Amino acid sequence: MTQHSQPGAFTQRRAGILLHPTSLPGSGDCGGLGVEAFRFVDFLAASGIGVWQMLPLGPTHSDRSPYQCTSVHAGNPRMICLRRLVEWGWLEANHDPDDDCGDHARTQQMQASYAGFLRNASDEERASYDAFRETHNAWLEDYALYEALRADQRHRGWFTWPRPLRDRDPQALAEARNRLAAQIDQVRFIQYVFFRQWHQLRDYANERGVLLFGDVPIFVAYDSAEVWAQREYFRVDPEGRLEVVAGVPPDYFSATGQRWGNPHYRWDRIEQDGFRWWIERMRTQRELFDLIRIDHFRGFEAHWEIPAAAETAIDGQWVKAPGQRLFQALLDSFHDMPLVAEDLGIITEEVDALRLRFGLPGMKILQFAFGGAATNPYLPHNHERLSVAYTGTHDNDTTVGWYSGLDEHTRAHLHAYLGSGDESMPWPLVRAAFASVAVLAVIPMQDALALGSEHRMNTPGVTEGNWRWRF
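Using this note's numbering, read the sequence shown as starting at 129 and increasing by one per residue.
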């Protein structure tokens, strides 16, 4: 089996912290790209931590889930630091503008900053903006129009818009571009600001020996610019209705499986275009990150396809996907693969073979390790170098919360295995992760702070209260 050489990110062992930027402290209603992000980089560098892992960066819907974004390319405007816009001379403020944390107030501040940019930007800044628009033209124009239309349509999904807009009638789109020209310009500018601020953060981190580790969901949200603008690549009917949806089959965790509701790809159509859609998607992520986690990696070998009318995942079926040809196309385009495979769940020999063929590290979660047989792949003695060790992920309870809920048998196995005695959690598990032979070991910030269940980031299957944790 061919195994490709490892990119530079995997040539030495590193430790990492998992923290989404929205969880950073600060004055707004979510963390972002302000001084706190740079201070966090300083903390990581001073602690000998070489990797900052985070969740997807895209614009979220009202539930704020970064795994259901309105674009696979765009950045989340909530993360923009308004204070930085004051420093750049584009926004006037007699108080901290980030204190105005509501969506309406932020929208007004961004409108004012765009007006300030038009008045005060230097020739170099204007050239930078023009270059950004040109570089990202392949996705930016459709996204800007989509966001302007979505606001005009009171944030309803594109599949409920009037038919000419829903179906992208050329005359209707031309009229919309003319009527909403100011709003479209505003969306473009917001993305320019996000990417400019992000590049400053990434440069700052890289200069201090810290790599940024991103996350790419395999699927995209139904209500997204991509499904609206590139419907030919997705399994939706001529009316824009879903034909089949993504999920996973029934397993130990759920008797009915999980019905995620994302549209499936028309892989034959994507492959017909040389996987260009995926290549462009990864090009944007490589601009943002040094390392990238591929969520639900097993779906590239075969995915669970559920009829859209089905209420649960029970009636789905496995359908093969062209993962090997896709990853070869990515390798041919970029010549290296700084990717980590999220290979959790029911993993077959075929999925493992796909991962190993391209030399991608898998994930080893210590919270899944105890209470069973010595052959459990998550136990540290079964770890391999080509992997990333975690205490838990954003979908798990914190280690303190997880430990408090363990049965006596599992708890006894953990203590006997780790020899942790009376030492309090999470430190025995943190030490086990950092001692792993895995090329990278990552702990959530909640575990670095020894926090309990009330601080977890996400509870799968629960729709309220997720994605809002701050420290």
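For glycine and all other residues, C-beta sits at the position ideal for the given N, C-alpha and C. Because the structure is a prediction, the values reported are computed rather than measured.
- request: Keeping to the same chain, check which residues put their C-beta closer than 7 Å to that of I475; ignore five residues upstream and five downstream.
  value: Cβ within range, chain order: R426.
task: Look at S250 and F317 and say whether their C-beta atoms are less than 9 Å apart.
output: Not in contact: S250 and F317 (Cβ atoms no closer than 9 Å).
Straight-line gap, T130 to E429 (C-alpha atoms, nearest Å): Because the pLDDT at T130 is just 45, under 50, the model does not fix this residue reliably, and the value given afterwards should be weighed accordingly. The alpha-carbon separation between T130 and E429 amounts to approximately 17 Å.
message: Less than 9 Å between the C-beta atoms of L494 and A560, yes or no?
response: Yes; because the gap between Cβ atoms is below 9 Å, this pair is in contact.
query: Helix or strand or just coil, what does DSSP make of P205?
result: If DSSP states are grouped into helix, strand and coil, P205 belongs with the helices.
query: Which residues in the same chain as Y506 place their Cβ atom closer than 7 Å to its Cβ, once the five residues preceding and following it in sequence are excluded?
result: Cβ neighbours of Y506 within its own chain (closer than 7 Å, five residues either side excluded): K492, I493, L494, F496 and A497.
query: On the premise that Y257 lies in contact with A202, defined as a C-beta separation below 8 Å, what is that separation, rounded to the nearest angstrom?
result: Actually they are not in contact, since the Cβ atoms of A202 and Y257 sit about 16 Å apart, beyond 8 Å.
message: Once DSSP output is grouped into helix, strand and coil, what is the label at R421?
response: Here R421 sits in strand by DSSP.
- prompt: Apart from the five residues on each side of it in sequence, which residues of its chain come closer than 6 Å, Cβ to Cβ, to V321?
  reply: Result list for V321: I208, in chain order.
Per DSSP, the bridge partner or partners of L579: L579 pairs with nothing; no bridge assigned.
- request: Apply the 10 Å Cβ neighbour rule to R212 and answer buried if 16 or more other Cβ atoms are within range, or exposed otherwise.
  value: Its Cβ being crowded by 16 or more others within 10 Å, R212 is buried.
- prompt: Rounded to the nearest angstrom, how far is the Cβ of F341 from that of L419, given a contact under 8 Å?
  reply: Cβ atoms of F341 and L419 come within 8 Å of each other, at about 4 Å.
- prompt: Any idea if E439 is buried or exposed, counting beta-carbon neighbours within 10 angstroms, 16 or more meaning buried?
  reply: Per the 10 Å Cβ criterion, exposed.
With 16 other Cβ atoms within 10 Å as the buried cut-off, status of G529: That one is buried.
message: Residues in the same chain with beta-carbon distance under 6 Å from H148, minus the five sequence neighbours each way, listed in chain order, please.
response: Hits under 6 Å: M182 and L183.
- request: List the residues that DSSP assigns as beta-bridge partners of C197.
  value: T188, per the DSSP bridge assignment.
- request: Identify which residue in P225, R324, R296 and D191 has its Cα closest to the Cα of R254.
  value: Measuring from the Cα of R254, the nearest candidate turns out to be R324.
- prompt: Which partner residues does H431 have in the DSSP bridge list?
  reply: Paired residues: V447.
- request: Spell out the partners DSSP gives M573 in its beta bridges.
  value: DSSP, once it has assigned bridges, lists no residue as partnering M573.
message: Three Cβ pairs or more, each shorter than 8 Å: is that satisfied between the region 387-407 and the region 352-368?
response: Contact holds: three or more Cβ-Cβ distances are below 8 Å.
query: So D251 is in the beta strand (DSSP E); what residue range does that whole segment cover?
result: Looking at the DSSP string, D251 is not in any beta strand (DSSP E); the run it does join, the alpha helix (DSSP H), is D251 to T263.
Neighbourhood of T412 by C-beta distance below 6 Å, restricted to the same chain and skipping five residues each side: Close CB contacts of T412 within its chain, under the 6 Å cut and outside five residues either way in sequence, are with H201 (chain order).
- request: Please check if any C-beta of chain C sits within less than 9 Å of the C-beta of E253.
  value: The structure shown contains no chain C; it is built from a single protein chain.
field: Euclidean distance between Cα positions of R598 and E303
entry: Rounded to whole angstroms, R598 to E303 spans 43 Å at the Cα level.
query: Are the region 510-523 and the region 558-574 in contact at 8 Å, needing three or more beta carbon pairs?
result: Because the criterion of three Cβ pairs below 8 Å is met, the region 510-523 and the region 558-574 touch.
field: Closest Cα partner of L292 within the set T198, A300 and F347
entry: According to the sequence shown, residue 292 is Pro rather than Leu. Cα-wise, what sits closest to P292 is A300.
task: For A436, collect the residues of the same chain with a Cβ closer than 8 Å to its Cβ; drop the 5 residues on either side in sequence, then sort them by chain order.
output: Within the same chain, A436 has close Cβ partners R369, L370, E371, V372 and V373.
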